[in-house]
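Residue numbers (full-length UniProt numbering): 1 to 141.
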């Protein structure tokens, strides 16, 4: 059985409506997305990551780092799907949040720079890729 078939569309729709009532729920949905991603079920992963982002954005109890994490996960899936422009957009959203919240030398920020470097490399923009790789390495040099 495919992971994406664990829940019917009606189940997912009802879960989406729960919103604020389950504070830890977005992480559970993200976990389902990660399972799908590891099983190379990228469209199912994308569905779960989008649902998690939707819940996080409606839930005042969630941290902004949760938003960044959701965008990183979506960027990863878009990269697997070879939609590099969409991946770039997700990674840029995540980077903006992470820079503001954690500062340029935090490990999660350097990973975001590296992700953007990889995407620009895939897009053939090697100069921009090098800029992001250099930023990723800066705290360690």
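In this text, a Cβ means the ideal position worked out from N, Cα and C, and glycines have one as well.
According to the neighbour-count rule (16 or more other Cβ atoms, all chains shown, within 10 Å of its Cβ), is residue i buried or exposed?
| i | result |
| --- | --- |
| residue 85 | exposed |
| residue 26 | buried |
| residue 79 | buried |
| residue 126 | exposed |
| residue 98 | buried |
| residue 124 | exposed |
| residue 77 | buried |
| residue 32 | buried |
| residue 146 | What is shown of the chain runs 1 to 141, which leaves residue 146 out entirely. |
| residue 20 | At residue 20 the pLDDT is 46, less than 50, meaning the model places this residue with poor confidence; the figure from the coordinates comes in the next sentence. By the neighbour-count rule (16 or more Cβ atoms within 10 Å), residue 20 is not buried but exposed. |
| residue 137 | exposed |
| residue 100 | exposed |
| residue 87 | buried |
| residue 96 | exposed |
| residue 119 | buried |
Where do the ends of the alpha helix (DSSP H) carrying residue i lie?
| i | result |
| --- | --- |
| residue 36 | 25-38 |
| residue 42 | 42-58 |
Write down the C-beta distance between residue i and residue j rounded to the nearest angstrom, noting that I regard them as a contact closer than 8 Å.
| i | j | result |
| --- | --- | --- |
| residue 45 | residue 54 | Actually they are not in contact, since the Cβ atoms of residue 45 and residue 54 sit about 15 Å apart, beyond 8 Å. |
| residue 73 | residue 49 | 5 Å |
| residue 111 | residue 139 | Not really, about 11 Å apart at Cβ, beyond 8 Å. |
| residue 121 | residue 91 | About 13 Å separates the two Cβ atoms, so there is no contact after all. |
| residue 52 | residue 30 | 5 Å |
Using a threshold of 8 Å, is the CB atom of residue i nearer than that to any non-hydrogen atom of the ligand ZN?
| i | result |
| --- | --- |
| residue 63 | Within the structure as shown, the ligand ZN is missing, as the structure has no ligands at all. |
Mind pulling the beta strand (DSSP E) runs of 3 or more residues that sit fully within the stretch 79-130?
-> none
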